[in-house]
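*Asks:* Last residue of the sequence shown: 368 (the numbering used here), numbering continuous. Note that CB positions come from ideal geometry on N, CA and C, so glycine has one too. Keep in mind it's a predicted model, so treat the numbers as computed, not measured. Okay, handing you the structure first.
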Amino acid sequence: MKKIKLILYIFSFTLIFLNNSKADNSQQIDKISKNLRCLICQGQSVYDSQSDFALSMKILIDKKINEGKNEREIYEYLKKKYGNWIVYDPEINKNTILLWVIPLILFIFGGILIIRKVSIK
């Protein structure tokens, strides 16, 4: 009787552990897919899209997670395959520096204009 209880406990904990790891994968898939563009549905993320491409991307992300790849490695793989455009949040490098600098310059310029208008009055 004790052996049966022990086996049932081990089986129960195994099921709970497997279920938790699936939930962790699901959260990580959602996080990664929210930062990827759907190449079919312009303007939608892979997370929001229901296209065949988006569904296959979610399966690919799950496969890569199960292979032990981390978020950064998955992004690098997808950028090599589809280009930097697939990622919503681009890295800062020589090709994207203008994306990061121009809004900052415009913000500073706008602030200077506001300060000058307020100080004139």
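Are the segment 300 to 307 and the segment 278 to 291 touching by the rule of at least three beta carbon pairs closer than 8 Å?
*Replies:* Because the criterion of three Cβ pairs below 8 Å is met, the segment 300 to 307 and the segment 278 to 291 touch.
*Asks:* Taking only three categories from DSSP, how would you classify S369?
*Replies:* The structure shown does not extend to residue 369, since the chain spans only 248 to 368, so no value can be given for it.
*Asks:* Are the beta-carbon atoms belonging to R284 and W347 less than 9 Å from one another?
*Replies:* Contact: no.
*Asks:* What would DSSP say about S273, mapped onto helix, strand or coil?
*Replies:* Three-state DSSP puts S273 in a helix.
*Asks:* Note the first and the last residue of the continuous alpha helix (DSSP H) segment covering L345.
*Replies:* Run containing L345: 344 to 367, per the alpha helix (DSSP H) assignment.
*Asks:* In chain order, which continuous runs of the alpha helix (DSSP H) of length 4 or greater are located wholly inside the segment 282 to 337?
*Replies:* 299 to 313, 318 to 329, all fully within the segment 282 to 337.
*Asks:* Determine, using beta-carbon pairs with one atom in the segment 275 to 284 and one in the segment 303 to 321, whether at least three such pairs fall under 8 Å.
*Replies:* Cβ pair count under 8 Å is three or more, so yes.
*Asks:* Looking only at C-alpha atoms, which of Y335, I355, F356, I254 sits nearest to V293?
*Replies:* For the residues Y335, I355, F356, I254, the minimum Cα distance to V293 belongs to Y335.
*Asks:* For Y324, I'd like the list of residues in its chain whose CB is within less than 8 Å of its CB, leaving aside the five on either flank, ordered along the chain.
*Replies:* Contacts found: K311, K316.
*Asks:* In three-state DSSP terms, what is I254?
*Replies:* Three-state result, I254: helix.
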